[in-house]
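So the structure is just underneath, and the comments pick up after that.
In full-length UniProt numbering, the protein residues as written are 1 to 139.
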């Protein structure tokens, strides 16, 4: 039962199982069911990893702030920032659906951004005050 479930799993999900089997693999007989399972998992995983490496090789190898797979639904300007080369951005309330009439509003929005991180991205959001306006800033 466990064997059939493991064989049906996506290769990307097999890492922990392969690690456990590999850790105890030295006690498996070469003809055992466990060794055969480890071999099948390893083969699936290796093929998947080759594909992942191929995809990564297509990306630019030079450092960039760009996060092409990141997206923040409902905030086009945040998604554009994440896809672009800029190191930081300030979300201006007048350019978005959000209106930050108080510093607390901007701080609350920044906290929400930090609590619910955008997949495939890395940033810190904080509230700033300037030009008589309150704004969240992503860095």
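Even glycine gets a Cβ: it sits at the ideal position worked out from N, Cα and C.
Report the rounded CA-to-CA distance for residue i versus residue j, giving the unit in angstroms.
| i | j | result |
| --- | --- | --- |
| residue 38 | residue 48 | 15 Å |
| residue 103 | residue 68 | 31 Å |
| residue 71 | residue 118 | 7 Å |
| residue 110 | residue 126 | 5 Å |
| residue 19 | residue 90 | 43 Å |
| residue 54 | residue 40 | 21 Å |
| residue 58 | residue 101 | 44 Å |
| residue 36 | residue 116 | 41 Å |
| residue 94 | residue 123 | Per-residue confidence for residue 94 stands at a pLDDT of 48, beneath the threshold of 50, marking its modelled position as unreliable; the derived number appears in the next sentence. Rounded to whole angstroms, residue 94 to residue 123 spans 22 Å at the Cα level. |
| residue 23 | residue 16 | 11 Å |
| residue 76 | residue 32 | 55 Å |
| residue 46 | residue 56 | 15 Å |
| residue 51 | residue 8 | 19 Å |
Can you tell me whether DSSP reads residue i as helix, strand or coil?
| i | result |
| --- | --- |
| residue 70 | coil |
| residue 129 | strand |
| residue 102 | coil |
| residue 7 | helix |
| residue 112 | helix |
Alpha carbons only, please: which of the options is nearest the one belonging to residue i?
| i | options | result |
| --- | --- | --- |
| residue 140 | 121, 91, 43 | The structure shown does not extend to residue 140, since the chain is modelled only from 1 to 139, so the question has no answer here. |
| residue 121 | 57, 30, 129, 80 | 80 |
| residue 74 | 41, 56, 52, 113 | 113 |
| residue 107 | 116, 32, 129 | 129 |
| residue 4 | 12, 29, 34 | 34 |
Quick one: does residue i have its CB under 8 Å from some CB of chain D?
| i | result |
| --- | --- |
| residue 90 | Within the model displayed, chain D is absent; a lone protein chain is all it includes. |
From which residue to which residue does the alpha helix (DSSP H) around residue i run?
| i | result |
| --- | --- |
| residue 84 | From DSSP, residue 84 is part of no alpha helix (DSSP H); its letter is neither H nor E. |
| residue 48 | 33-58 |
Under 7 Å: does the beta carbon of residue i sit that close to some heavy atom of the ligand FMN?
| i | result |
| --- | --- |
| residue 91 | Ligands are entirely absent from the displayed structure, and the ligand FMN is therefore not among its contents. |
Legend entry - the region 46-65 contacting the region 79-88, beta-carbon criterion three pairs below 8 Å: yes
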